[in-house]
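Trainee: Have a look at this one.
Dropping the structure here:
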C-alpha cells in the first residue's frame, strides 16, 4: 500500500515540476491549456498506478465479497494518502477522480471475471453419443457452380 502512495507522491512531484515550467511561461496564451493538460496527465498517471495495484489484487479465485472488501479498503487508504500528499483542492480533485475511475475499473474486473466463469459453468454441455460411423463418414461437397455461358 505504501508503495502505491509513494508512486503517487512521485507523480505529484512530477506534476509540480511541470507546473513550475508552465508558470514560467508568464502570460502566454497556452498557459491555461498546458495547466489543464498537466492536471489530466496527473490524473492518468495516478489512475494507471492505482489500476496496476488493483490488477494485482483481482484474481478469478477469491469470492467477490472478499475482493470487494479488499478494493474498498485499498481505495480508502489511497484517498487518505492523497489527502496527506496535498491540500490543494484542484490537485486533490484530480487524484480523487483518478482513484474513483480506477476503483470503477477494479469493480468491472471483479464482476467480469466472475461473469465469464459463471456463464461457462452454467451452460449445459451437449453430450452427443459418439458413433463410430460419424468418424468414418466423409463430408460430401458439392461441385462448384459453373458460370452460365456468355453469348
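Numbering (this note's numbering), first residue to last: 87 to 237.
Each residue gets a CB set at the ideal place from its N, CA and C atoms; glycine is no exception.
1. Applying the 10 Å Cβ sphere with the 16-neighbour rule, what's the burial state of residue 250?
2. Looking only at its own chain, which residues have a Cβ that is under 7 angstroms from the Cβ of residue 205, when we skip the five neighbours before and after it?
3. Using only CA atoms, which one of 190, 126, 118 lies nearest to residue 52?
4. Can you look up residue 107 in the DSSP assignment and give me helix, strand or coil?
5. For residue 136, is the classification buried or exposed, using 16 other Cβ atoms within 10 angstroms of its Cβ as the cut-off for buried?
6. Could you please give the first and the last residue of the uninterrupted alpha helix (DSSP H) stretch that includes residue 142?
7. Taking the CB atoms as reference points, tell me whether residue 157 and residue 189 lie closer together than 8 angstroms.
8. With 16 other CB atoms within 10 Å as the buried threshold, where does residue 180 fall?
9. Measure how close the beta-carbons of residue 133 and residue 184 come, nearest whole angstrom, since I'm counting them as under 8 angstroms.
10. Take residue 165 as the anchor and find which of 154, 186, 174 has the nearest alpha-carbon.
11. Report all residues from its chain with a CB closer than 6 angstroms to the CB of residue 111; omit the five preceding and five following residues, and keep chain order.
12. Run the CB neighbour count on residue 152, radius 10 Å, all protein chains shown included, and call it buried at 16 or more, exposed below.
13. Look at the alpha carbon of residue 95 and the alpha carbon of residue 175, and state the distance between them as a whole number of angstroms.
14. Take the Cβ of residue 109 as the centre, count every other Cβ of all protein chains shown within 10 Å, and call the residue buried at 16 or more, exposed below.
15. If you run the structure through DSSP and keep just helix, strand and coil, what is residue 36?
Mentor: Answer, in terms of the structure:
1. A query on residue 250 cannot be resolved here, the shown segment of the chain reaching from 87 to 237 and no further.
2. Note that residue 205 scores 48 on pLDDT, short of 50, meaning its location in the model is unreliable and no value can be drawn from it.
3. In this structure the chain extends from 87 to 237, so residue 52 is not present and cannot be described.
4. Three-state DSSP puts residue 107 in a helix.
5. The residue in question, residue 136, is buried, as its Cβ has 16 or more Cβ neighbours within 10 Å.
6. Its alpha helix (DSSP H) spans residues 117 to 143.
7. In this structure, residue 189 lies closer than 8 angstroms to residue 157 by Cβ.
8. Buried, since its Cβ has 16 or more Cβ neighbours within 10 Å.
9. Yes, residue 133 and residue 184 are in contact; Cβ-Cβ is about 4 angstroms, under 8 angstroms.
10. Of the listed residues, the one whose Cα sits closest to residue 165 is 186.
11. Spatial neighbours of residue 111 in its own chain (CB-CB distance under 6 angstroms, excluding positions within 5 residues in sequence) are listed in chain order as 117.
12. It counts as exposed.
13. Computed Cα separation, rounded: 16 angstroms.
14. When all chains shown are included, residue 109 counts as exposed.
15. The question about residue 36 has no answer here: the residues shown for the chain are numbered 87 through 237.
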